[in-house]
Amino acid sequence: DFYSLLSKLLGEREDVVHVYKHKPTEKAESDLVAEIANVVQKKDLAREITNHDERDSTNLVRDRIQSEHGEESWENEHTGDFHIEEAVEWPGLDLKLGQVSGLALDAENNLVIFHRGDHVWDENSFDNTFVYQQRGLGPIEQNTILVLHPSNAKLLHSLGKSLFYLPHGLSIDKNGNYWVTDVALHQVFKLGPDEKEPILTLGVALQPGSDKNHFCQPTDVAVDPNTGSIYVSDGYCNSRIIQFSPNGLYVMQWGEEASLGRAKPGQFHIPHSLALIPDFSQLCVADRENGRIQCFRLETGEFIREIKHKSFGRELFAVSYVPGLLFAVNGMPYPGEAEPVQGFVMNFSTGEIIDTFIPLRKSFEMPHDVVASEDRTVFVGDVHARAVWKFASTEKMEHRSVKKAGIEVQEIKESETIVEGRLKNNPESTDPVKKQEKQHLVQQHTSTGVSFVLITTLLIIPVVVLLAILLFIRWRKTTVYGGDGEHKLDSSSGRILGRLRGTGSGGLNLGNFFASHKSYSRKGFDRVSTEGSDQEKDEDEGTDSEEECSASPPPPAPSSS
């Protein structure tokens with residue numbers, strides 16, 4: 001059964017299964033599982049990716065790091081077809097914030113914002129040696145770390161008053177400690193959730209440098225949840241990643257300034273944001289001015305791969321990771337360039353772009369940081385707009401809208417989508433829905449029966465009239481005429497003729513003839529010729545309408561995913 005399942009998963013690669021079946025010792029089971037995951041994932045991506053630039057794919061180093069089966073299964077299940085859209089009901093966009101530089105999510109998925117209060121970073125902030133020039137302003141007097149409820153943006157907690165000059169990067173370790181960087185102080189801080197003073201400080205205040213004890217405008221910090229090791233991206237005027245022990249002791253560093261032309265692996269032009277991937281023992285860096293993501297091994301700093309797409313443009317500001325997915329935001333395009341500022345969702349294993357997203361309210365100006373949760377809720381902080389957007393995942397409906405004469409027609413390809421749409425529009429139980437459909441069906445049969453009787457009646461009436469006329473003509477031919485030219489009628493014939501002629505007219509009156517029968521209504525006779533067809537048409541139209549509303553959707557087409 002196990003090898004049969006592998007055959008179904010591998011599809012065109014059944015030969016691999018046969019090899020393993022006859023020689024199972026040639027490859028470990030974990031490697032086989034990874035191979036299966038890779039094949040299935042490639043099949044999924046063939047459907048998911050439609051706008052990927054093939055020229056950029058050659059720039060992607062596709063070195064896969066095999067992992068435990070659970071992680072691969074998560075990717076196969078959760079990197080399917082979906083879309084990220086702004087949660088327009090989220091009130092956090094209207095918060096009064098300073099320049100938003102960093103975002104993070106705590107253990108309860110509460111949103112944590114690191115902002116600059118009434119301080120700004122502008123052309124007057126530093127001299128040409130990167131020394132901060134506005135120390136006279138003093139530290140920021142507002143709380144710079146805000147903890148918000150992710151659903152209603154209610155302020156739950158705040159701290160960081162009178163500690164920082166120009167906040168930048170933010171992360172939270174597994175114990176709930178806040179790790180932040182300050183580009184004016186050239187330092188990295190560890191703060192407890194309820195502490196007013198830092199627990200640990202790295203770097204020398206207000207002194208830029210490039211040795212083991214100094215930073216130069218450090219941009220971000222990340223902590224390995226497995227080992228407690230600290231990783232700092234340093235920074236605007238250094239081009240390196242530094243590793244420290246959990247106690248803050250220097251361990252190693254890697255990276256160098258990018259050379260002219262195309263940047264090489266391990267070279268940086270502002271390593272701006274960090275995403276730690278503990279499941280794969282990797283650290284991914286948003287290499288901002290090189291417009292790419294570089295991933296390295298945590299233990300050695302060895303380069304693993306580069307992720308670069310044309311749609312990134314020249315700048316890539318931030319990167320965030322959840323199992324199976326990478327999220328990123330880019331910068332504004334340079335003059336003459338077309339790539340828009342937007343957010344990206346990527347498959348972690350391949351680097352392929354799955355989706356892009358932009359806000360509906362306001363617009364991105366300089367999205368500076370991005371953070372995502374495993375339920376695909378995404379927050380983006382903008383340093384120029386001084387705002388935070390919330391985005392949420394919505395399943396993509398495979399349909400297209402056709403607008404004609406002001407009417408929007410949606411051609412739904414997935415029958416489940418139709419059913420879900422009905423349930424959303426009528427959130428009652430399914431029993432009333434079934435009952436209503438049965439009622440429509442009964443009405444349909446009733447309407448069909450009435451139409452049949454009406455048509456039959458309309459066909460019989462002319463036949464009866466025709467027969468009456470023929471009888472009358474035949475009777476006239478057999479009538480005996482008198483010498484003076486007048487009709488000679490016996491008493492019985494006179495009575496019949498009198499009925500046909502009527503009492504006040506000398507002509508033929510079929511209405512009076514049929515009016516003598518108890519089952520006939522004169523009113524009905526008058527309306528048959530003028531209203532019968534319209535009534536039939538209305539009833540037929542009503543039947544069609546009810547049929548369209550109550551018809552059950554066709555069964556869904558089989559999916560290859």
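Going by full-length UniProt numbering, the sequence shown opens with residue 1, and the numbers climb by one from there. Backbone N, C-alpha and C fix where the C-beta goes; we use that ideal spot for every residue, glycine too. The model shown is predicted, which means the values in this text are computed figures rather than measured ones.
task: Using 10 angstroms around the beta-carbon of A107, count the other beta-carbons present and answer buried if the total reaches 16, otherwise exposed.
output: A107 should be labelled exposed.
task: Spatial neighbours of F391 within its chain, please: CB distance less than 6 Å, with the 5 preceding and 5 following residues excluded, ordered by chain position.
output: So the list reads I84, E86, F357, V378, once near-sequence residues are dropped.
query: According to DSSP, which residues form a beta bridge with A275?
result: According to DSSP, A275 bridges with C284.
- request: Put F364 into one of helix, strand or coil per three-state DSSP.
  value: In the three-state scheme derived from DSSP, where H, G and I count as helix and E and B as strand, F364 is classed as coil.
- prompt: Looking at N347 and P278, is the spacing between their C-beta atoms short of 7 Å?
  reply: No, they are not a contact pair.
query: Would you report the Cα separation of G203 and T394, rounded to the nearest angstrom?
result: Straight through space, the alpha carbons of T394 and G203 are spaced by roughly 43 Å.
- request: Let me know if K96 comes out buried or exposed under the rule of 16 or more other beta-carbons within 10 Å of its beta-carbon.
  value: Under this definition K96 is an exposed residue.
- prompt: N110 to H384, Cα distance in whole Å?
  reply: The alpha-carbon atoms of N110 and H384 are separated by roughly 23 Å.
field: Cutoff 8 Å; reference P333; Cβ partners in own chain excluding five residues on either side
entry: Result list for P333: G313, R314, E339, P340, V341, in chain order.
- prompt: Can you tell me whether I230 is buried or exposed, with buried defined as 16 or more other CB within 10 angstroms of its CB?
  reply: Buried, by the Cβ-count rule.
message: How far does the beta strand (DSSP E) with R116 in it extend, from its first residue to its last?
response: Counting along the chain, R116 sits inside no beta strand (DSSP E), nor does DSSP assign it H or E at all.
message: Would L298 and L274 qualify as a contact pair, given that the criterion is a beta-carbon distance under 7 Å?
response: Judged by beta-carbon spacing, L274 lies beyond the 7 Å limit of L298, meaning their Cβ atoms are not closer than that value.
task: Helix, strand or coil for I353, going by three-state DSSP, please let me know.
output: If DSSP states are grouped into helix, strand and coil, I353 belongs with the strands.
field: Neighbourhood of A104 by C-beta distance below 7 Å, restricted to the same chain and skipping five residues each side
entry: A distance below 7 Å between beta-carbons, with the five flanking residues on each side excluded, links A104 to the following residues of its chain, in chain order: V112, L170, S171, I172, V371.
task: Return the first residue and the last residue of the beta strand (DSSP E) that I230 is part of.
output: Looking at the DSSP string, the run of the beta strand (DSSP E) that includes I230 is 230 to 234.
- prompt: Cα separation between F280 and L137?
  reply: Approximately 44 Å, taken between the alpha carbons.
task: Please determine, among I354, E374, V380, the residue with the shortest C-alpha to C-alpha distance to F364.
output: Here the closest residue by C-alpha is V380.
- request: On a CA-only basis, which of G331, V180, S210, F244 is nearest T129? Give me that one, please.
  value: Measuring from the Cα of T129, the nearest candidate turns out to be S210.
task: Decide if V465 is buried, meaning its Cβ has at least 16 other Cβ atoms within 10 Å, or exposed.
output: By the C-beta density criterion, V465 is exposed, having fewer than 16 other C-beta atoms within 10 angstroms.
Counted within 10 angstroms of its Cβ, other Cβ atoms place A28 as buried (16 or more) or exposed: Because the pLDDT of A28 is 48, which lies under 50, any placement of that residue in the model is unreliable, and the number read from its coordinates should be weighed accordingly. Around the beta carbon of A28, a 10 Å sphere encloses fewer than 16 other beta carbons of the protein chains shown; the residue is thus reported as exposed.
field: Residues bridged to C295 (per DSSP)
entry: DSSP output for C295 lists C284, R305 as bridge partner(s).
field: F317 and H272 closer than 7 Å at C-beta
entry: Contact: yes.
- prompt: What separation, rounded to the nearest whole angstrom, lies between the Cα atoms of P335 and S311?
  reply: Computed Cα separation, rounded: 15 Å.
task: Output yes or no for whether 7 Å exceeds the beta carbon distance between L185 and L206.
output: Yes, Cβ-Cβ distance for L185 and L206 is below 7 Å.
- prompt: Excluding five sequence neighbours on each side, which residues of the same chain lie with their C-beta closer than 6 Å to the C-beta of D369?
  reply: Excluding the 5 residues flanking it on each side, D369 has same chain C-beta neighbours closer than 6 Å at G102, L103, A318, G381, in chain order.
query: In whole angstroms, what separates the C-alpha of C295 from that of F303?
result: Approximately 6 Å between the Cα atoms of the pair.
field: Euclidean distance between Cα positions of P193 and R262
entry: Rounded to whole angstroms, P193 to R262 spans 43 Å at the Cα level.
Three-way DSSP call (helix, strand, coil) for P218 in this model: Reduced to three states, the DSSP call for P218 is strand.
- request: Rounded to whole angstroms, what's the CA-CA distance from L200 to S373? Just pull it up for me.
  value: Rounded to whole angstroms, L200 and S373 show a C-alpha spacing of 27 Å.
E337 - DSSP class collapsed to helix/strand/coil: Correct three-state label for E337: coil.
task: For the beta strand (DSSP E) holding L97, just list the boundary residues, first then last.
output: Note, L97: premise wrong, no beta strand (DSSP E); not H, not E.
- prompt: Mapping DSSP to helix, strand and coil, what is K390?
  reply: Looking at K390 - three-state DSSP - the assignment turns out to be strand.
message: Using the three-state DSSP reduction, which class does N330 fall into: helix, strand or coil?
response: Note: N330 maps to strand in three-state DSSP.
- request: Measuring alpha carbon to alpha carbon, tell me which of S233, H157, H149, N152 ends up nearest V180.
  value: V180 has its Cα closest to that of S233, out of S233, H157, H149, N152.
Coarse secondary structure for E468, derived from DSSP in three states: In the sequence as presented, Glu is not what sits at residue 468; that position holds Ala. In the structure shown, the three-state DSSP call for A468 is helix.
query: Does the beta-carbon distance from P139 to L163 come in below 7 Å?
result: Result yes, Cβ atoms of P139 and L163 sit closer than 7 Å.
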